[in-house]
Amino acid sequence: MRAFLVRRRRQILVTLALLSVWGLFLLASPTAFSKAPIYRSFMSTIPVTLVLTLGMTLLVVLGEMDLSFPSVSAAAAYLFAFLYAKAGWPPPAAFGAALLSGAAMGLVNGFLVVRVGVPSIIATIGTQFFWRGLILLLADGLAISLSSIRGDWLQTLFVGRLCLWEIPAQALWGLAVALLLALLLNRHPFGDALLFIGDNGKTAEMMGLPVARIRIGAFVIMGLLSAFAGLLATLELNNWWPTQGEGYMLLVFAAVFVGGTSAYGGEGTIYGSFVGAVLIGIIEAGLVSSGFVGFWTRLVHGLVIILSVSAYALMAKRRGG
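Counted from 1, the sequence shown has number 157 at position 157 by UniProt numbering; the numbering is strictly sequential.
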């Protein structure tokens with residue numbers, strides 16, 4: 001039992017943090033947190049952050065980062081909006097093309113990092129500005145309305161309201177992505193290789209693991225999930241806008257690190273990131289419902305990143321020493 005608790009202490013800590021924060025906001029703002037609407041709101045907004053967080057978890061476990069995902073998300077969503085609203089493509093075809101574009105943008109990141117040798121932070125800062133600038137030029141800085149897609153089966157499938165409780169469909173998609181990536185990370189050779197490379201890339205290469213392919217594959221998955229998250233946001237609001245995705249950078253990294261993923265690579269869980277994304281979503285809504293202005297959320301999210309990374313670093317140091 002003791003060994004299990006030690007092995008799972010990061011997941012236990014983030015779960016306790018989630019319950020504590022939820023209880024705190026329940027006391028501070030009982031009118032909001034004791035009623036169903038706020039939880040339905042969570043299930044419609046948190047999945048976008050969750051999908052991005054899960055993709056980023058794989059990269060951080062690998063020892064890499066992707067700072068381009070807000071722009072990749074917006075670019076893929078723009079392609080969908082353009083193909084559907086301007087070019088007259090059927091929604092499924094436009095949706096599929098947008099997903100493929102996200103994977104392609106992830107492949108570009110992977111090529112720059114793995115084949116060219118550019119550090120991932122530098123490479124993805126560059127692609128972030130490139131993709132954002134490109135879509136601003138193509139869209140002429142204007143939003144694209146998708147009001148005609150309201151009620152379409154594709155929209156209902158991904159962001160519709162299900163059963164009597166009106167559960168947002170994107171909550172189930174977020175859960176499905178989490179389960180799929182949990183299996184990939186914990187029950188598949190790709191996940192084993194990912195953790196091994198993140199812990200010691202040189203040893204992994206000496207043992208014959210396809211290090212380059214695994215690293216590129218992780219960037220492709222992140223690009224694909226970034227596109228999917230952007231599509232969920234666009235379908236939910238029936239609109240694409242030029243600054244789409246810009247508010248997610250801090251949320252995603254806060255969720256990844258508070259969820260227990262090591263900033264040094266080689267350690268992390270999908271469960272921890274799942275709970276981390278929910279925790280960050282509750283903090284954001286709780287601050288607003290408790291009367292704090294929006295600027296407080298940035299301060300708190302930054303503090304969460306600093307404290308969580310520091311706490312886990314101290315735990316690792318204590319374990320190693």
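For glycine and all other residues, C-beta sits at the position ideal for the given N, C-alpha and C.
Fair warning: this is a prediction, and the values are worked out from it, not measured in the lab.
In the DSSP assignment, Q244 falls outside any alpha helix (DSSP H), carrying neither H nor E. Residue state for S20 is assigned as helix, using DSSP reduced to three classes. By the C-beta criterion, the segment 18–36 is judged not to be in contact with the segment 221–237, since fewer than 3 inter-stretch pairs fall below 8 Å.
DSSP links L162 through a beta bridge to I167. Distances from the alpha-carbon of A233 to those of G160, H301, L18 put G160 closest.
In the structure shown, N186 falls within a helical segment according to DSSP collapsed to helix, strand and coil. Per DSSP, I270 is one residue of the alpha helix (DSSP H) stretching across 270–289. Cβ neighbours of A123 within its own chain (closer than 7 Å, five residues either side excluded): N109, L112, V113.
Counting every other CB atom within 10 Å of its CB across the protein chains shown gives L138 a total below 16, marking it as exposed. Beta-carbon to beta-carbon, D66 and F219 are separated by about 7 Å, close enough to satisfy the 8 Å threshold.
Relative to the Cα of F80, the nearest Cα in the group L307, F69, A98 belongs to A98. The C-alpha of H301 is placed about 20 Å away from the C-alpha of I12. For L185, the number of other beta carbons within 10 angstroms of its own is at least 16, and it is reported as buried.
Residues of the same chain with their beta carbon placed closer than 6 Å to that of G208 are lacking, with the five preceding and five following residues left out of the count. In this structure, DSSP gives N238 a state outside helix and strand, which the three-state scheme calls coil. Taking 8 Å as the upper bound for CB-CB distance, F274 and L50 are in contact here, some 7 Å apart. If you look at M105, you'll find it in the alpha helix (DSSP H) that goes 91–110. In the three-state scheme derived from DSSP, where H, G and I count as helix and E and B as strand, S145 is classed as strand. Residues I167, P168, Q170, A171 of the same chain have their beta carbon placed closer than 8 Å to that of M43, with the five preceding and five following residues left out of the count. Taking a 10 Å sphere around the C-beta of G245, we find 16 or more other C-beta atoms and assign the residue as buried.
Judged by beta-carbon spacing, S226 lies beyond the 7 Å limit of S120, meaning their Cβ atoms are not closer than that value. Close CB contacts of M105 within its chain, under the 6 Å cut and outside five residues either way in sequence, are with V72, G223 (chain order). Boundaries of the alpha helix (DSSP H) around Y39: 36–62.
Burial check for E205: the Cβ neighbour count within 10 Å stays below 16, so the residue is exposed.
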